[in-house]
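Shown next, in structure tokens, is the structure this report addresses.
Protein chains: 2
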Amino acid sequence: MSFQKLDELGHKLEALEHALAILGADEATHMAVGGGEKRADAMAALAGMLHRQASAPEIADWIDAAENEDLNDDQRIALAEFRRHYTNLTCLPAEFVERQTSQRLRSEQLWRDLREKNDWKSFRPALEGIVSLVREEAAMRASVLKLDPYDALMEQYDPGNRAADITPVFDKLKTFLKDFAPQALAIQEQRDAKRPRKPLSGTYAIDKQRALGLAMMGAVGFDFTHGSLSVSHHPFCGGVPTDVRITTRYKTSDFLSALMGVLHEAGHALYEQNLPHQWGHWPLGRARGMAVHESQSLFVEKQLGRNPAFWRWALPVVERELGENWSLDDILPWVHHVERGLIRVDADEVTYPLHVILRYELEQELVSGRLEVADLPEAWDAKMHEYLGLSTLDNPADGPMQDVHWPGAAFGYFPSYTLGALMAAQQWAAFEKVHPAANSEISEGHFEAVNDWRRTNIWSQGSRYSTPELIERATGEKLDARFFIEHLEKRYGQA
Amino acid sequence: MSFQKLDELGHKLEALEHALAILGADEATHMAVGGGEKRADAMAALAGMLHRQASAPEIADWIDAAENEDLNDDQRIALAEFRRHYTNLTCLPAEFVERQTSQRLRSEQLWRDLREKNDWKSFRPALEGIVSLVREEAAMRASVLKLDPYDALMEQYDPGNRAADITPVFDKLKTFLKDFAPQALAIQEQRDAKRPRKPLSGTYAIDKQRALGLAMMGAVGFDFTHGSLSVSHHPFCGGVPTDVRITTRYKTSDFLSALMGVLHEAGHALYEQNLPHQWGHWPLGRARGMAVHESQSLFVEKQLGRNPAFWRWALPVVERELGENWSLDDILPWVHHVERGLIRVDADEVTYPLHVILRYELEQELVSGRLEVADLPEAWDAKMHEYLGLSTLDNPADGPMQDVHWPGAAFGYFPSYTLGALMAAQQWAAFEKVHPAANSEISEGHFEAVNDWRRTNIWSQGSRYSTPELIERATGEKLDARFFIEHLEKRYGQA
Ligand SMILES: [Zn+2]
Ligand SMILES: [Zn+2]
């Protein structure tokens, strides 16, 4: 039986993915510094085995043959996802993948070096090479998937996402934010003038910060029998659903950034831990995609973790763990701090979407050929000026060279960040509508109802639906920017 | 070119072995408790891939063809070891290996359960099944390798070891120890009567014990850029040569056992870290075998770490880390404590070999069929009585049920422990002969010369020579019990 063969293949691929996930997390957390070269060799060899086994030509026949077998409902939707997965994995010729992989590695290395030197001129030819490969890639994906080229790239990260649907949503948000960001900054300035902020300065021992993080993770639902928290230079959520590894990074002078990082990664972890285990060895059992994943981390970090109700409950926990006694009026200005800046990863929830929309717009132009790399610094600067009133013309390191995505040939990924923020707000609104006690429960540290809602509507669905379908089914309507806009108005629009 | 194919295969196998080694170490140190089932599935699948790839039939042709190729010296000895490895791996039919694996897993599970209940009667049929499979296995290995059956089993662990060579060495040691163990105990008793021991009791915080362990590991040569120390329930040395993971287990009431454990595992780690890296992806680049490996751990733990000269240097380090001020006369009675006991793993260096020789003798009889499992408790008891003056007839859990080796079908492994102890003493004697300053250097915390000697004579040789050849080349003569006997007499035979 062909479905049986796919099922067995799923177990083999899961073993290799398990190994890669744990080796990856281990590398960032526990590996000896001298172990890196052999680790890279081992992971490259395992990734090669995984790719070869997952893209073997006979799998196409198994998928076709399984269509005619007597399958139950789970198997039928699993089969559709096997096919989607296989098609996306095999739509590029091996020769192209090799060429792209080596060019991408070279361009990433170059980027690391030249970004530090703020040397756009030397980096430009490498990025031109990458963009030309990405155009090739997009054309090939588009022809196999019967999609527009940029949609075919997004399809890797968020199945079902289409620029034609996203652009109007982003436009509405952009129009709002161009006015709202300066307003929010002015409101913040007035409030700080009226009541100067109490600095959160102090020395917070790492073991105390860790205890605080563990307490918060546990409270929002992290399952410590299926995961752990450790330290790494770049925080991440890795591992496997039965053993999710999240990390943070501590500064003894600033507990809030590590704590918010822990909540963010714990949000990713909750999704992984609560995926449908019975489908664990099928593509169907995976998280839906990057945007939905980010919606889960932002749900915990922004919708819950920066909610004033949350801090009513959290402040006594902070006092217990760190020994500091703050009021809501002390902490909220820091939790809701807004700042106009050049760097996407440092941005707050008001300005972050403008960084993403800028990239979303520019990368579509780059992929389509309407924009050339040579003209990118000017195009970036013009948008940066329009959206945030800042210039990067003399500072490409903090302009078009600031992210690893483009040097790494990951075009079509950026929208996921802001789609995640929009989805998180829409999910919270849908939950609050059916559960009016939402805020009061959270102010008492009860997260059961909100987790049940997410478990039912998001986590347990795995990859059953496309990204837009999943959100529409969970929230009762298509993705709409108004929920996020209302969320921002409520949190940042009041003096 | 066929050697080239073997070389490429070596890289692939190394990647899978790397994954298995790190996943194994991670499981014991950092895995979430609920992650075990998926981890076991993943490791079983990877081990299956490794076995299939390492035993593929075409490899035999590559090995044969490579014999006629123009190879350099390294390649030629690598090829011989590729052949030895392949032959040992493929000399059992797949059907047999599967049958044995499943029966072994069942018998190990049963053993865990029944040992706790001290229930020999229920365990006996399972062990009979295992022994019958081991007889089959030994016969098959013997016929392929043209060796005696028991030698064919030992060949897996220590290439070149033959019962005909080992038995006289063990007999000499046994004859000595049967008299010497009671003498050493009497000497200890008199000394304790004359000068009652100062108890080493205190509360030693785990982070201080860890700092002490790290200081000692570093001093004896452990390279922290290629390895680390963590905690696990059963101490081990795992990982890969570029990232060796050693573990210990702490009791706040007893710093000495954790410290000695750290030194033991650090001895294993030194061997792994100093293997010839240029051969890392060939079988030739591996440690020679279990006995030689144990000789390296026992060298550090017993020859160095229990040497009074070592403690002249170590006591101030202990004082610095733990804040306790002991004299040599306080600490040495604990470091050299001898005790007659039923349990091999708890035994000291005087009585330990008698536990091993008992097993070595009995397992040869079991493999040859001269002894049946039904008669094992009486046979065990008779030897226990003769060698150590203890009875286990009413206590099979601490008699023939005490080790996992037999339930796990690992016959031919036990001699490695005592061979390691003999080799360590012989290596120390050889080193001291060419380096008379040995003890005075160690009393000053200088381990460079002794490590250089071992690097040259043992570590850098990888699997170039058979076990007996390696020892003869390193020490100038065949394995002889007299070095270990002289070592014991010096350390335990003087009032
Ligand atoms: Zn995230
Ligand atoms: Zn050992």
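Going down the list, the protein sequences come from chains A and B.
Here my numbering is used: position 22 in the first sequence is 31, and no number is missing along the way.
Here my numbering is used: position 226 in the second sequence is 235, and no number is missing along the way.
Note that beta-carbon positions come from the ideal geometry of N, C-alpha and C, so glycine has one too.
First through last residue of the alpha helix (DSSP H) which encompasses residue 491(A): 491–501
Check: How would the residue list near ligand 2 read, in chain order, if you kept each one whose beta-carbon is closer than 6 angstroms to any heavy atom?
Finding: 273(B), 277(B), 303(B), 306(B)
- Query: At which residue ranges does the stretch 248–285 of chain A contain complete beta strand (DSSP E) runs of 3 or more residues, listed in the order of the chain?
  - Reply: 252–257
With a threshold of 16 other CB atoms inside 10 Å of the CB of residue 203(B), please say whether the residue is buried or exposed. exposed
Closest Cα partner of residue 180(B) within the set 428(B), 474(B), 483(B), 455(B): 428(B)
(Q) Tell me the rounded alpha-carbon separation between residue 418(A) and residue 129(A). (A) 17 angstroms
* Inside the stretch 347–411 of chain B only - alpha helix (DSSP H) runs reaching at least 4 residues -> For the stretch 347–411 of chain B, whole alpha helix (DSSP H) runs of length 4 or above, ordered along the chain, are 361–377, 385–397.
For residue 44(B), does the three-state DSSP call read helix, strand or coil?
helix
> From residue 221(B) to residue 408(B), what distance separates their C-alpha atoms?
Replying inline: 36 angstroms
Q) Going by other Cβ atoms of all chains shown within 10 Å of its Cβ, with 16 needed for buried, is residue 337(B) buried or exposed? A) exposed
Requested in this report: Can you give me the start and stop residues for the alpha helix (DSSP H) that residue 327(B) sits inside?
Outcome: Segment 317–331, the alpha helix (DSSP H) holding residue 327(B).
inquiry  = In the DSSP assignment, the beta strand (DSSP E) including residue 237(A) goes from what residue to what residue?
reply    = 236–240
Report task. Measure from the C-beta of residue 31(B) to each C-beta in chain A and report whether the shortest distance is under 8 angstroms. Result -> At least one chain A Cβ lies under 8 angstroms of residue 31(B).
Item to check | Per-residue burial, residue 330(A) [other beta carbons within 10 Å of its own, 16 or more giving buried] | outcome: buried
Within 9 angstroms of chain B by C-beta, residues of the stretch 227–250 of chain A in sequence order
Answer in chain order: 232, 233, 234, 235, 236, 237, 239, 248, 249, 250.
Requested in this report: Determine, using beta carbons only, whether residue 252(A) comes closer than 8 angstroms to chain B.
Outcome: yes
ask   = Whose C-beta lies closer than 8 angstroms to the C-beta of residue 98(B) among residues of the same chain, with five residues either side of it excluded?
value = 60, 63, 64
Does the beta carbon of residue 163(A) come closer than 8 angstroms to any beta carbon on chain B?
no
Could you tell me the distance, in whole angstroms, from the CA atom of residue 137(A) to the CA atom of residue 364(A)? 22 angstroms
- Residues near residue 168(B) in its chain [Cβ-Cβ closer than 7 angstroms; skip 5 each side]: Within the same chain, and ignoring the five residues on either side of residue 168(B) in sequence, the residues whose Cβ sits closer than 7 angstroms to its Cβ are 93, 298, 475, 476.
**Message:** Between residue 271(B) and chain A, is any beta-carbon pair separated by less than 8 angstroms?
**Reply:** no
Considering just the uninterrupted stretch of the alpha helix (DSSP H) at residue 435(A), what are its terminal residues? 424–443
### Query
If you draw a straight line from the C-alpha of residue 54(B) to the C-alpha of residue 273(B), how long is it?
32 angstroms
**Request:** Determine whether the Cβ of residue 28(B) lies closer than 8 angstroms to any Cβ atom of chain A.
**Result:** yes
If the criterion is Cβ atoms closer than 8 angstroms, does the pair residue 327(B) and residue 333(B) meet it?
Yes. Within cutoff.
Point to revise | Short Cβ contact (8 angstroms threshold) for residue 400(A) with residue 410(A) | key: No; because the gap between Cβ atoms is not below 8 angstroms, this pair is not in contact.
Grab me the residues of residue 360(B)'s own chain with a C-beta within less than 8 angstroms of its C-beta, minus the 5 sequence neighbours each way, in chain order.
Apart from the 5 residues on each side of it in sequence, residue 360(B) sits with its Cβ closer than 8 angstroms to the Cβ of 186, 190, 347, 348, 349, 350, 397 in its chain, given in chain order.
Residue 40(B) CB to nearest chain A CB: under 8 angstroms?
yes
Just how far apart, CA to CA, sit residue 165(B) and residue 36(A)? Each residue's alpha carbon lies about 32 angstroms from the other.
Using DSSP's beta-bridge definition, name the partner residues of residue 246(B). Residue pairing by DSSP places residue 246(B) opposite 255(B) in a beta bridge.
Determine the burial state of residue 118(B): buried for a count of at least 16 other Cβ atoms within 10 Å of its Cβ, exposed for fewer.
exposed
| query | So with Cβ pairs under 8 angstroms, would you call residue 223(A) a contact of chain B? | reply | Look at residue 223(A): its C-beta is not under 8 angstroms from any C-beta on chain B.
message: Between which residues of its own chain and residue 72(A) is the CB-CB distance below 8 angstroms, once the five residues before and five after are set aside?
response: 11, 15, 88, 91, 92, 95
Using 8 angstroms as the cut-off, can you tell me whether the stretch 143–160 of chain A makes contact with the stretch 99–113 of chain A, which would need three or more C-beta pairs spanning the two stretches below that distance?
yes
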